[in-house]
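K.L.:
When the letters of the sequence shown are read in order and numbered with the numbering used here, they come out as residues 401 to 566.
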Amino acid sequence: MLNEVANDTGDVKALIRALSDETWYVRQEAASALGNLGESRAVGPLMRLLDDEDEDVREEAAWALGKIGDARAVQALVIALEDEDKDVREEAARALGMIRDPRAVEPLDRTLRDEDEDVREDAAWALGRIGGPRAAQLLRQAMNDGSVQVREAVEEALGNIKAKMS
Numbered sequence: 401m402l403n404e405v406a407n408d409t410g411d412v413k414a415l416i417r418a419l420s421d422e423t424w425y426v427r428q429e430a431a432s433a434l435g436n437l438g439e440s441r442a443v444g445p446l447m448r449l450l451d452d453e454d455e456d457v458r459e460e461a462a463w464a465l466g467k468i469g470d471a472r473a474v475q476a477l478v479i480a481l482e483d484e485d486k487d488v489r490e491e492a493a494r495a496l497g498m499i500r501d502p503r504a505v506e507p508l509d510r511t512l513r514d515e516d517e518d519v520r521e522d523a524a525w526a527l528g529r530i531g532g533p534r535a536a537q538l539l540r541q542a543m544n545d546g547s548v549q550v551r552e553a554v555e556e557a558l559g560n561i562k563a564k565m566s
């Protein structure tokens, strides 16, 4: 619903204000709308939402930051890689891959050892998007992961890095 309002009115300021609404669903929808708009003015307020009490809001904020792709969000997303909720950790890893900032490589290495295989898979995907020799080295080390799903993601990520270098 808020996505439609933003598209019709362009009222980005109202959406940014909605990030502070008392209702979690309003905050979540506002984050989604701002992400869809790619609104860089919302980066600061969205980063603050990564500390929200509601895990769905934190997850949507991470997603929106990835959609916006602003490197100012890297450190906040790195912190979100440690979130108690696995969906938030997944989305933070994906967002870092969307931003493609090399500062995220080492934190994503730690995430390659997350307890959840979906989080490890997204960390591999992100490293493949960021690329570079260090990311490739870390991915090669992850080839021994106990999950077939993660190993397949690692292979694909290494292929992406190789294709970029060609």
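Yeah, the Cβ is synthetic: ideal placement off N, Cα and C, and Gly gets one too.
None of these values were measured; they are calculated from a predicted model.
DSSP state of Gly469, grouped into three classes?
P.N.:
Three-state result, Gly469: coil.
K.L.:
Taking 8 Å as the threshold, find out whether the stretch 457-471 comes into contact with the stretch 511-525 through three or more Cβ pairs.
P.N.:
No, the stretch 457-471 is not in contact with the stretch 511-525.
K.L.:
Kindly indicate which residue of Arg503, Glu521, Asp509, Glu506 has the alpha-carbon position closest to the one of Glu491.
P.N.:
Cα-wise, what sits closest to Glu491 is Glu521.
K.L.:
Between the alpha carbons of Leu415 and Trp463, how many angstroms are there, rounded?
P.N.:
Near 16 Å, if we compare the C-alpha coordinates of Trp463 and Leu415.
K.L.:
Take Asp454 and list the residues in its own chain whose beta-carbon comes closer than 7 Å to its own, dropping the five residues that flank it on each side.
P.N.:
Closer than 7 Å at the Cβ level, and outside the excluded window around Asp454, lie Trp424.
K.L.:
Would you decide whether Gly531 is buried or exposed? Buried here means 16 or more other CB atoms lie within 10 Å of its CB.
P.N.:
Gly531 comes out buried.
K.L.:
Note down, in chain order, each residue of its chain lying with its Cβ closer than 7 Å to the Cβ of Ile561, except the 5 sequence neighbours on either side.
P.N.:
Counting only Cβ-Cβ distances below 7 Å, and skipping sequence neighbours, we find Gly528, Gly531, Ala535, Ala536.
K.L.:
Buried or exposed for Ser432, going by 16 or more other Cβ atoms inside 10 Å?
P.N.:
It counts as buried.
K.L.:
Whole alpha helix (DSSP H) runs in the stretch 418-469 with 4 or more residues, listed along the chain?
P.N.:
Listed in chain order, the complete alpha helix (DSSP H) runs (minimum 4 residues) inside the stretch 418-469 are 424-437, 443-449, 455-468.
K.L.:
Asp483 to Met565, Cα distance in whole Å?
P.N.:
If I take the Cα positions, the gap works out to 33 Å.
K.L.:
Taking Cβ positions, are Lys467 and Val519 nearer each other than 7 Å?
P.N.:
Not a contact, by the Cβ cut-off of 7 Å.
K.L.:
Measure the alpha-carbon distance for Leu437 versus Ile499 and round it to whole angstroms.
P.N.:
Distance between the alpha carbons of Leu437 and Ile499: 16 Å.
K.L.:
Just checking my contact of Ala523 with Leu508 at CB under 8 Å: how many whole Å lie between their CB atoms?
P.N.:
5 Å between Cβ atoms; contact.
K.L.:
Using the Cα positions of Arg441 and Met447, report the straight-line distance between them to the nearest angstrom.
P.N.:
So the two alpha carbons sit approximately 11 Å from each other.
K.L.:
Gly528 by DSSP, collapsed to three states: which one?
P.N.:
Looking at Gly528 - three-state DSSP - the assignment turns out to be helix.
K.L.:
Closer than 6 Å by C-beta to Asp501: which residues in its own chain qualify, once you throw out the five before and the five after it? Chain order, please.
P.N.:
Excluding positions up to five away in sequence, the list reads Ala471, Val474.
K.L.:
Using DSSP with H/G/I as helix, E/B as strand and the rest coil, what is Leu512?
P.N.:
Correct three-state label for Leu512: coil.
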